[in-house]
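J.: Please read through the structure below; I'll follow up with questions.
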Amino acid sequence: KNAIVSCFESAGLPDLTEAEIQKELTFVIVGAGPTGIEFAAELLDFIEENGPRYYKQLLPYVRIKIVEAAPSILRPFEDGMKDEAIRRLTRTMEIEGVATLRPCEILLNKQVSEVTANYIYFKDGDKIQYGMSLWAAGIGPLPITTNMVEALEETEQKGAQEFARGRLGVDPWLRVIGGKGEVFAFGDCSCVSNTPMLPATAQVASQQGEFLGKLFSNDYRVDAGGGDGQLVPPVVADPNQSKSFSEQIASFAMGESEIAAPFQYLDLGILAYTGSGSALAQVQVAPGKGDPTSETWNPVRLQIKGKLGFGLWRSIYLWKQTSPKNVVLVTLDWIKVKLFGRDISIL
């Protein structure tokens, strides 16, 4: 918020040329995933709802550029949902006393090569001068991850890199391949073997963390090896220990009561706010046909957009709060913004 307001305040200084004003009010968002799209949507809402009150004379100079290296935005969403997001983001704004605005532009197949204090350079030779940029694209692995991959280069991890590609390859029980059952990895730094690449989201990491917590607390022998020295699936140390209902179902499905069920990702859906009280919600409702480990597997998904999607988005946002106090504070904040507009004071 401080950076956005500073750009508008800088653009309002006297004696600036039109080119300098437009530079200050050019916002570049690198990455068109849910994070980048939601930021652009909130910025558009600010321009449309609060801009006329504070910066009316500056609105014609605002430019919002969403840069994406891939050929489409919101990669996890179906094509129809992507088209709806593009339509909402590139909408025309009618503001009294201001020429018709269409500030948002989406640049696809644009790979960033360098970001400096004033310019963003692209591999095709183009460049954009900006006042503020937001990096919402992927990031490289942390040194601890790359160091571990290198340390396991003489093990089965080397072959696992064919699908892990810089992440730590793990088996279906999240044991690092080549780590002798003593090292575990989950979240963005890991890639489960023999499955499609899971999205780098908190939803995946949360489920994997919960899975490992249960695996450790239920006293499974995670480092058990077979006669050939290879790791075998984790086996329970005490066959008579009690099992949860979900563990009983997994044991029945596998036909084996002493082996831990492997990690299974449950897609709870993805959401993205697209501005002006509209959002996208996509929820998997059926597994679909074909092999779930195939890249072409296409499950049946429920698609919700517009005002209904916005209602679902806000409901889940509140549901995910960690305490009743947070639910009340967030709700009051939304009401305050609706009644009085956004607070633009710089902290």
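Quick note: our numbering has the sequence shown finishing at residue 348, numbered continuously throughout. Beta carbons: idealized from backbone N, C-alpha and C, even for Gly. Quantities reported herein were computed from a predicted structural model and do not represent experimental measurements.
Leaving aside the five residues before and after LEU303 along the sequence, list all residues of the same chain whose C-beta is less than 6 Å from its C-beta, in chain order.
T.: Indexing the sequence shown from 1 puts residue 303 at position 302. Excluding sequence neighbours, LEU303 sits near VAL284, VAL286.
J.: Among the residues of its own chain, which have a CB less than 7 Å from the CB of ALA161, if the five just before and after it don't count?
T.: Here residue 161 refers to the residue found at position 160 when the sequence shown is read from its first residue. So the list reads GLY170, ILE178, SER194, once near-sequence residues are dropped.
J.: Give the secondary structure of ALA280 by DSSP, where H, G and I count as helix, E and B as strand, and everything else as coil.
T.: Position 279 of the sequence shown, counted from the first residue, corresponds to residue 280. It is a strand residue.
J.: Rank ASN219, LYS215, VAL237 by C-alpha distance to the C-alpha of ALA225 and give the top, closest one.
T.: Looking up residue 225 in the sequence shown gives position 224. If we check each option's Cα against that of ALA225, VAL237 comes out closest.
J.: Mind checking whether the beta-carbon of THR332 lies closer than 8 Å to any heavy atom of the ligand MN?
T.: The ligand content of the structure shown is nil, which means the ligand MN is not present either.
J.: Looking at the secondary structure, which residues open and close the beta strand (DSSP E) in which LEU303 lies?
T.: Numbered from 1 along the sequence shown, position 302 holds the residue referred to as residue 303. It spans 301-306 - the beta strand (DSSP E) in which LEU303 sits, taken as one unbroken run.
J.: By alpha-carbon positions, which one of GLU211, GLN204, GLU183 ends up nearest to LEU232?
T.: Reading the sequence shown from its first residue, position 231 is the one you call residue 232. For LEU232, the nearest C-alpha among the options comes from GLU183.
J.: Taking THR202 as part of the alpha helix (DSSP H), name the residues at either end of that continuous run.
T.: Along the sequence shown, read from residue 1 onward, the residue named residue 202 stands at position 201. Per DSSP, THR202 belongs to no alpha helix (DSSP H) and is neither H nor E.
J.: At which residue ranges does the region 143-176 contain complete alpha helix (DSSP H) runs of 4 or more residues, listed in the order of the chain?
T.: Correct list: 144-152, 158-165.
J.: Look up THR332 in the DSSP assignment and say whether it is helix, strand or coil.
T.: As a position in the sequence shown, residue 332 is number 331, starting the count at 1. Three-state result, THR332: helix.
J.: Have a look at ARG166, ALA20, GLU155, LYS159 and flag the residue whose alpha-carbon is nearest the alpha-carbon of GLY141.
T.: Translated into positions along the sequence shown, residue 141 becomes position 140. Measuring from the Cα of GLY141, the nearest candidate turns out to be ARG166.
J.: List the whole-angstrom C-beta distance separating THR332 from ARG89, where the pair is believed to meet the contact cut-off of C-beta under 8 Å.
T.: The residue given as residue 332 occupies position 331 in the sequence shown. The residue given as residue 89 occupies position 88 in the sequence shown. 24 Å between Cβ atoms; not a contact.
J.: Locate the alpha helix (DSSP H) running through SER11, then write down its first and last residues.
T.: Sequence index remark: in the sequence shown, residue 11 carries index 10 (1-based). Counting along the chain, the alpha helix (DSSP H) containing SER11 begins and ends at 3-12.
J.: Does the region 53-66 come into contact with the region 146-164, if we say contact requires no fewer than three beta-carbon pairs (one atom in each stretch) closer than 8 Å?
T.: Judged by Cβ distances under 8 Å, the region 53-66 makes no contact with the region 146-164, as fewer than three pairs qualify.
J.: Whole angstroms are fine: how far does the CA of LYS308 sit from the CA of LYS339?
T.: On the sequence shown, residue 339 is found 338 positions in, with the first residue counted as 1. On the sequence shown, residue 308 is found 307 positions in, with the first residue counted as 1. One C-alpha to the other measures close to 16 Å.
J.: Touching or not, the region 68-85 and the region 109-122, by the rule of three or more beta carbon pairs under 8 Å?
T.: Short answer: they touch.
J.: State the DSSP-derived secondary structure class of PHE123, mapped to helix, strand or coil.
T.: Position 122 of the sequence shown, counted from the start, is the residue given in the question as residue 123. It is a strand residue.
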